[in-house]
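*Asks:* Just so we're aligned, residue 6 is where the sequence shown starts under this note's numbering, counting upward by one. Submitted below is the structure of interest, expressed as structure tokens.
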Amino acid sequence: MRKRTLFRLATATLATGAAALAYASLIERNMFTLRRFDVPVLPTGTEPLRVLHLSDLHMTPNQLRKQQWVASLAALDPDLVVVTGDNMAHPDAVPGVLRALQPLLDYPGAFVFGSNDYTGPVWKSPFSYFLPDREYSEGTELPYEELRDVFTRAGWTDLNNRRGTIKAGGRAIDMIGVDDPHIERDDYPAVAGPVSTDADLSIALTHSPEPPLLDEMAADGFGLLLAGHTHGGQVCVPGVGALVTNCGLPRSMAKGLHRWPGSDSWLHVSAGLGTHPTAPVRFACPPEASLLTLIPR
6 MRKRTLFRLA TATLATGAAA LAYASLIERN MFTLRRFDVP VLPTGTEPLR VLHLSDLHMT
66 PNQLRKQQWV ASLAALDPDL VVVTGDNMAH PDAVPGVLRA LQPLLDYPGA FVFGSNDYTG
126 PVWKSPFSYF LPDREYSEGT ELPYEELRDV FTRAGWTDLN NRRGTIKAGG RAIDMIGVDD
186 PHIERDDYPA VAGPVSTDAD LSIALTHSPE PPLLDEMAAD GFGLLLAGHT HGGQVCVPGV
246 GALVTNCGLP RSMAKGLHRW PGSDSWLHVS AGLGTHPTAP VRFACPPEAS LLTLIPR
């Protein structure tokens, strides 16, 4: 009787695990979701400004559903589009990224790259994400210069260790960005400095939301900090949330809008729209884009 009970328990556990895996790999990772947040960063009495924040597409050539969904976001008519990296996951991904973003390239935009814009993914144990000092492995080189050229020819601003003023929604936006800190390509000191007094608002971009970098951006007065990289945890526990962020950010800030501690700045971390190709699952953390409506303080 005891053996029979244990067998039934083991069978039920395996069946539950298989069902969860099937849901995470076949259903939830394709449940593209639009999040909406109001962010109080504008001067009193000014009109709202809408920012569409996209991140972590991890595009491969045949992901047509994702491409179509992202392209449909142009119907939101944003004032500004911001992309915070990891657009590609395959050497032939640029046409797919272009199909997704083409309708949005007509709007003012800015971007930074992530590690998976430079090199393709390699297999790794999911448990390695719990190791803080794990070694980074590079895959096949990706056509990042081709992607950069597509964005800049459309008029988007390259903010990889750069700074500039962008006109959007009738406002002058002081924008700053760094290349991916996750692979030590960032150089914030090269672009650091107080927010321009001539700007109507200020936004800072990074792929990986590393706290020391965010502290510096907030100290310079940037009111809105935008990042991706975390995938929101990608596999979360209902009622608990993300188990890991793959960076120095606390798990409680793995996605969504938060006031950055010790400052007047707001941080928005996108849970992203894709997955690592060797781990194509999402659980309790659907893929997302975010529409941030900037409103008066």
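From the three backbone atoms N, C-alpha and C, an ideal C-beta is built for every residue, glycine too. Just so it is clear, the structure is predicted and the values come from calculations on it, not from any experiment.
#1: Buried or exposed for Thr89, please, with buried defined as at least 16 other CB atoms from any protein chain shown within 10 angstroms of its CB.
#2: Please classify Asp191: does DSSP put it in a helix, a strand, or coil?
#3: Just the Cα atoms here: how many angstroms apart are Gly101 and Thr145?
#4: Alpha carbon to alpha carbon, what distance is there between His263 and Thr283?
#5: When the Cα atoms are used, what is the spatial distance from Leu229 to Val127?
#6: Find the nearest neighbour of Pro53 within the set Leu62, Phe42 and His63, judged by alpha-carbon distance.
#7: Based on Cα-Cα distance, which residue from Asp91, Ser77 and Pro108 lies nearest to Thr235?
#8: Taking all protein chains shown into account, decide if Thr280 is buried (16 or more other Cβ within 10 angstroms of its Cβ) or exposed.
#9: Out of Ala105, Gln72 and Ala115, which one is the CA nearest neighbour of Ile208?
#10: One question on the structure: do Glu221 and Cys252 come within less than 8 Å of each other, judged by their Cβ atoms?
#11: Secondary structure at Asp43, three-state DSSP: helix, strand or coil?
#12: For a quick check, are the C-beta atoms of Arg34 and Arg287 less than 8 Å apart?
#13: I'd like the list of long-range same chain contacts for Val86, defined as Cβ closer than 6 Å, with 5 residues on each side in sequence excluded.
#14: What separation, rounded to the nearest whole angstrom, lies between the Cα atoms of Ile300 and Gly226?
#15: Let's test the definition: count the other Cβ atoms within 10 Å of the Cβ of Asn121 and tell me whether it reaches 16, buried, or not, exposed.
#16: Residues in its own chain within less than 7 Å of Trp74 by CB, not counting five upstream and five downstream?
#17: By how many angstroms is the C-alpha of Ser213 removed from the C-alpha of Trp256?
#18: My output table needs one value for Pro66: the three-state DSSP class, helix, strand or coil.
#19: Reducing DSSP to helix, strand and coil, say where Ser257 ends up.
#20: Assuming the contact rule is C-beta atoms closer than 8 Å, Arg168 and Met180 should be a hit. Round their C-beta distance to whole Å, please.
#21: Going by DSSP in three states, Pro186 sits in which element: helix, strand or coil?
#22: If you compare alpha carbons, which of Thr51, Glu151, Leu106 and Gly198 is closest to Trp302?
#23: Just confirm the distance between the C-beta atoms of Leu248 and Gly238, as a whole number of angstroms; I'd bet it's less than 8 Å.
#24: Look at the alpha carbon of Ala195 and the alpha carbon of Leu219, and state the distance between them as a whole number of angstroms.
#25: Residues bridged to His58 by DSSP?
#26: Could you round the C-beta distance between Arg55 and Leu296 to whole angstroms and report it? I think they count as a contact, below 8 Å.
#27: Within its chain, find whatever has a CB closer than 6 Å to the CB of Ala79; leave out the 5 residues flanking it on each side and keep chain order.
*Replies:* With the structure as the only source:
#1: Indexing the sequence shown from 1 puts residue 89 at position 84. Buried.
#2: Taking the sequence shown and counting its residues from 1, one reaches residue 191 at position 186. Here Asp191 sits in coil by DSSP.
#3: As a position in the sequence shown, residue 101 is number 96, starting the count at 1. As a position in the sequence shown, residue 145 is number 140, starting the count at 1. Each residue's alpha carbon lies about 18 Å from the other.
#4: The residue labelled residue 283 in the question sits at position 278 within the sequence shown. The residue labelled residue 263 in the question sits at position 258 within the sequence shown. The alpha-carbon atoms of Thr283 and His263 are separated by roughly 30 Å.
#5: Your numbering for residue 229 matches position 224 in the sequence shown. Your numbering for residue 127 matches position 122 in the sequence shown. If I take the Cα positions, the gap works out to 33 Å.
#6: For this step, residue 53 is matched to residue 48 along the sequence shown. Among Leu62, Phe42 and His63, the Cα nearest to that of Pro53 belongs to Phe42.
#7: For the purposes of this step, residue 235 is taken as the residue at position 230 of the sequence shown. The option with the nearest alpha carbon to Thr235 is Asp91.
#8: Numbered from 1 along the sequence shown, position 275 holds the residue referred to as residue 280. With 16 or more other Cβ atoms within 10 Å, it is buried.
#9: Residue 208 sits at position 203 when you count from the first residue of the sequence shown. When each option's Cα is compared against that of Ile208, the closest is Ala115.
#10: Counting from 1 along the sequence shown, the entry for residue 221 is found at position 216. Counting from 1 along the sequence shown, the entry for residue 252 is found at position 247. Against a cut-off of 8 Å, the Cβ pair of Cys252 and Glu221 comes out as no contact.
#11: Against the sequence shown, residue 43 aligns to sequence position 38. Looking at Asp43 - three-state DSSP - the assignment turns out to be strand.
#12: The residue you call residue 34 lines up with position 29 of the sequence shown. The residue you call residue 287 lines up with position 282 of the sequence shown. Their beta carbons are under 8 Å apart, which means Arg34 touches Arg287 by this criterion.
#13: Counted from its first residue, the sequence shown places residue 86 at position 81. Leu57, Leu109, Tyr112 and Gly114.
#14: Taking the sequence shown and counting its residues from 1, one reaches residue 300 at position 295. Taking the sequence shown and counting its residues from 1, one reaches residue 226 at position 221. Near 17 Å, if we compare the C-alpha coordinates of Gly226 and Ile300.
#15: If you number the sequence shown from 1, residue 121 lands on position 116. The residue is buried, with at least 16 neighbouring Cβ atoms inside 10 Å.
#16: Numbered from its first residue, the sequence shown carries residue 74 at position 69. Here the set comprises Phe37.
#17: For the purposes of this step, residue 256 is identified with residue 251 of the sequence shown, where counting begins at 1. For the purposes of this step, residue 213 is identified with residue 208 of the sequence shown, where counting begins at 1. Reading off the sequence shown, one finds Arg at residue 256, where the question assumed Trp. When rounded, the distance between both Cα atoms is 14 Å.
#18: For the purposes of this step, residue 66 is taken as residue 61 along the sequence shown, with counting starting at 1. Three-state result, Pro66: coil.
#19: As a position in the sequence shown, residue 257 is number 252, starting the count at 1. Ser257: helix per DSSP, three-state reduction.
#20: What you label residue 168 is simply residue 163 of the sequence shown in a count that begins at 1. What you label residue 180 is simply residue 175 of the sequence shown in a count that begins at 1. Yes, Arg168 and Met180 are in contact; Cβ-Cβ is about 7 Å, under 8 Å.
#21: Within the sequence shown, numbered from 1, the residue matching residue 186 stands at position 181. Residue state, collapsed to three classes: helix.
#22: In the sequence shown, the residue the question calls residue 302 occupies position 297. In the sequence on display, residue 302 carries Arg and not Trp. Here the closest residue by C-alpha is Thr51.
#23: By 1-based counting over the sequence shown, the position of residue 248 is 243. By 1-based counting over the sequence shown, the position of residue 238 is 233. Rounded, the Cβ-Cβ distance is 6 Å, consistent with contact.
#24: As a first step, residue 195 must be located in the sequence shown, where it is residue number 190. As a first step, residue 219 must be located in the sequence shown, where it is residue number 214. If I take the Cα positions, the gap works out to 15 Å.
#25: Position 53 of the sequence shown holds residue 58. Paired residues: Val87 and Ser295.
#26: To locate residue 55, count along the sequence shown from 1; it is residue 50. To locate residue 296, count along the sequence shown from 1; it is residue 291. About 6 Å separates the two Cβ atoms, so the contact holds.
#27: By 1-based counting over the sequence shown, the position of residue 79 is 74. Within the same chain, Ala79 has close Cβ partners Pro108 and Leu109.
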